[in-house]
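Under our numbering, residues 1265 to 1414 are what the sequence shown spells out, in order. We put the beta carbon where it would ideally sit given N, CA and C, even for glycine.
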Amino acid sequence: MIVVLMLAASLVQPFSPVPFQARPSAVEPIAATTEYDLVLTDWQQGKPLALKHPLFQLDYVRAGEKVADTIVFQGTSFGQAGEITLDFYTTAGDPVFVPKEARARVRVDREHPAFTLAASIPPLLRGRSGVVQVTFSGARRAAFLLHVTF
């Protein structure tokens, strides 16, 4: 009974940039256990992506056309209603603050499966490496974790 309660409690914890299966033990540092879905370098001119999950896929990444220091993802959801969000983290796994009104998010559903998600790169990460998490949240949840050189 205790094991079931502990498992249930661990599943409702706030979502972190480190996948549940890869969370470090008390001895392991976070950088040693994090696995990225993709490492992105030289993406500013545009780069096709091949990241596919049963809930959504990321097809393309590029820099913003009109606004400097912007990252833009294009992709497709597979019919489920939900929200696609983009969050930034340091390579150590610490969240990077982005004001709520500036957070990138887009709604998707069966009628509108294609999406474009653009976000301004936080000043803390400009010219450095960081982590971008692109998350689908609906009835189910999925995320891609990308190591990006900004």
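Under 8 Å between C-beta atoms of residue i and residue j
i	j	result
Ser1401	Gly1346	yes
Phe1352	Pro1386	yes
Ala1406	Phe1337	no
Val1370	Ile1335	no
Ala1368	Leu1350	yes
Gln1233	Leu1381	Outside the modelled stretch of the chain, which goes from 1265 to 1414, sits residue 1233, for which no answer is possible.
Candidates the options, of which the one nearest residue i by Cα
i	options	result
Arg1392	Val1412, Arg1404, Phe1408	Val1412
Ala1356	Phe1408, Phe1379, Ala1378, Val1395	Val1395
Asp1373	Gly1343, Asp1351, Pro1387, Arg1390	Gly1343
Val1360	Lys1316, Arg1390, Pro1377, Leu1381	Arg1390
Gly1310	Leu1322, Tyr1300, Arg1326, Pro1318	Arg1326
Thr1399	Trp1307, Thr1305, Leu1315	Leu1315
Lys1330	Pro1318, His1317, Gln1308	Gln1308
Ala1403	Gly1328, Asp1323, Pro1318	Pro1318
Residue i - DSSP class collapsed to helix/strand/coil
i	result
Ala1382	strand
Lys1316	strand
Lys1364	helix
Asp1323	strand
Glu1347	strand
Phe1400	strand
Leu1389	coil
Lys1311	strand
Phe1342	coil
Gly1394	strand
Phe1416	A query on residue 1416 cannot be resolved here, the shown segment of the chain reaching from 1265 to 1414 and no further.
Thr1413	strand
Pro1359	strand
Beta-carbon contacts of residue i that lie in its chain and below 6 Å, excluding the five residues immediately before and after
i	result
Val1303	His1411
Cβ shell of residue i (< 7 Å), same chain only, five flanking positions each side left out
i	result
Ala1378	Thr1340
Asp1333	Ser1384, Ile1385, Arg1390
Cβ-heavy atom distance, residue i to the ligand FMN, below 7 Å
i	result
Ala1382	The ligand FMN is absent from the structure shown, which contains no ligand whatsoever.
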